[in-house]
RNA sequence: GUGCCUAUGGUGUAAUGGUUAGCACAGAGGUUUGUGGAGCCUCUAGUUCCGGUUCAAAUCCGGAUAGGCACACCA
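Numbering (the numbering used here), first residue to last: -2 to 432.
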């Protein structure tokens, strides 16, 4: 390799870390999951929305909050040529709320139920089920504080997961209280933990300053005993929030959804109020020990609209499914998208005369909704038959010079090896009647 | 952001510090352009990158990059 070649090689572009090209089967696997989720969302009355991948940075900063990892460390934020501060969306909820406010959806009949699907970006270290560009399927119900909205989000979410093949799911649920009671709760929590600073792990020393709610979520052994006597958000609920929470639980019971009230369940983003939940799957690890894995989560964010500058409160609840994360679980099915065709014929063409006409025949077949396999670059009959055999296609169309002259094709049954000569005009009908 | 492990043609792999880095599959071309996965021939294509140690590096060392796995955080 000479210097010039080395230079060329060095500059061959590659995908960015944590970002992948998606092709062939993987592409269809994503599409299949999306179609199923979309179908269920539509049954429950959700409408589609697609927001831009790129937004003004403050859409997310005002919503998610400075001080959170998502904003401070993981958001792809930059200046445009015109000097605007822009960011690739690190989640959906803020964008959806932005759209809701921007289009005055609050003067439409409430609630507004929306689903969306697409790429989301976070600058973090990739690992299994975790990429820098990943996909989310998102559900939001905006414009109502009724408990049935919370229940419907959880219902739709668990239904989608069940259709994906997940079984025995548990919904961990908690209420964080309203905006006001949330503050007093956090204060008490910090006070409590400050008394036990010496017993806290290193990370929790940080958490107490940056994200005190997360103290409850610590997995370190040394921090576990402290949790038992820690103040509970449930004891800080207003009467309204309390009955709201109770109603949500009633809905879950009525629907037969397994749930656990989990006092130490908190979610990282600033905007959550009242209901927060996570969907849990119980796994056994290699030692036969039971392990709980969070599949996905969501919650209510009644304060978000005001945080984003709205004069009116917009109570809302939502959830997002990380598709890559879902796919890494072995029980997650590979669903075929509707558009997938499995052709039952392989089109074999021989010689230039036949090739000339073959494309027209294939187009006629397409108009009659008959998909075909073919290999336009293979010339010999044997090779093409071999390929059809390999692909387990039940029938072959053989089209050579002789047939091109007579305007016929040979249809060969690959199993019995019997062949029929069929007029091109009659070909579509003939194939449609094949079993 | 932190830690551990890994890196050889497109894919899968081989090579005590010592031949021209080997093999299989895939791909391209050919072998009589008409009947079932074949055979044969030819070709394409690799030690991630940058340094160091050495007479000699795919092999040892350092760094970068990428991947895997965990942690933090989150989906």
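Ideal Cβ positions, reconstructed from N, Cα and C, are used throughout, including at glycine.
One question on the structure: do residue 178 and residue 84 come within less than 9 Å of each other, judged by their Cβ atoms? No; because the gap between Cβ atoms is not below 9 Å, this pair is not in contact.
TODO: Report the three-state DSSP secondary structure of residue 226 (helix, strand or coil).
DONE: Correct three-state label for residue 226: helix.
| What residues in its chain sit with their C-beta under 6 Å from that of residue 121, if we drop five residues either side in the sequence? | 71.
**OP:** Please confirm whether residue 56 and residue 89 have their CB atoms less than 9 Å apart.
**Re:** Annotated as distal: residue 56 and residue 89, with beta-carbon spacing of 9 Å or more.
- Query: Tell me, which residues are paired with residue 130 by DSSP?
  - Reply: Bridge partners of residue 130: 118.
Give me, in chain order, the residues of the same chain whose beta-carbon lies closer than 6 Å to that of residue 210; leave out the 5 immediate sequence neighbours on both sides. For residue 210, where only same-chain residues beyond five positions count, the Cβ hits under 6 Å are 263.
- Message: Using C-beta distances below 7 Å, list every residue in its chain close to residue 227, excluding the 5 sequence neighbours before and after it, in chain order.
- Response: Apart from sequence neighbours up to five positions away, the residues of its chain that approach residue 227 with a beta-carbon distance below 7 Å are 186, 189, 213, ordered along the chain.
In chain order, what residues of the same chain have a beta carbon less than 7 Å from the beta carbon of residue 51, not counting five sequence neighbours either side?
-> Result list for residue 51: 83, 85, in chain order.
Exercise for the section: Identify, in the order they occur along the chain, each residue of the same chain with its Cβ nearer than 8 Å to the Cβ of residue 2, setting aside the five sequence neighbours on each side. Expected result: Low confidence applies here, because residue 2 scores a pLDDT of 40, under 50, leaving its location unreliable; read the following figure in that light. None.
_Beta-bridge partners of residue 84, as assigned by DSSP_ = Paired residues: 52, 74.
task: Give me the Cα-Cα distance between residue 357 and residue 404, rounded to the nearest whole angstrom.
output: Residue 357 and residue 404: Cα-Cα distance of roughly 12 Å.
Pair within 9 Å by beta-carbon distance, residue 395 and residue 416:
In this structure, residue 395 places its C-beta atom within 9 Å of the C-beta atom of residue 416.
Note to self: As an exercise, report each continuous beta strand (DSSP E) stretch of at least 3 residues that is fully enclosed by the segment 385 to 417, in chain order.
What the structure shows: Look at the segment 385 to 417 and you find these whole runs of beta strand (DSSP E), each 3 residues long or longer: 392 to 396, 405 to 410.
(message) Does the structure place the segment 321 to 335 close enough to the segment 140 to 150 that three or more beta carbon pairs sit under 8 Å?
(response) Contact fails: fewer than three Cβ-Cβ distances are below 8 Å.
- Task: Compare the Cα-Cα distances from residue 297 to each of 402, 312, 231, 255 and report the closest residue.
- Result: Closest option to residue 297, Cα to Cα, is 312.
Can you tell me which of 159, 125, 176 puts its alpha carbon nearest to the alpha carbon of residue 300? Comparing C-alpha distances from residue 300 to each of 159, 125, 176 shows the shortest one belongs to 176.
Q: Would you mind reading off the limits of the beta strand (DSSP E) that contains residue 450?
A: No answer is possible for residue 450: it lies beyond the span of the chain, which begins at -2 and ends at 432.
- Going straight from the alpha carbon of residue 151 to that of residue 27, what length do you get? Cα-Cα distance, rounded: 22 Å.
- So residue 188 is in the alpha helix (DSSP H); what residue range does that whole segment cover? Start and end: 176 to 191.
State whether the segment 13 to 33 contacts the segment 154 to 167, with contact taken as three or more CB pairs (one from each stretch) at a distance under 8 Å.
The segment 13 to 33 vs the segment 154 to 167: in contact.
Let me check one thing: in DSSP terms, what residues is residue 294 bridge-paired to?
As a beta-bridge residue in DSSP terms, residue 294 pairs with 275, 317.
Selection from 54, 104, 153, 74 that minimises the alpha carbon distance to residue 39: The option with the nearest alpha carbon to residue 39 is 153.
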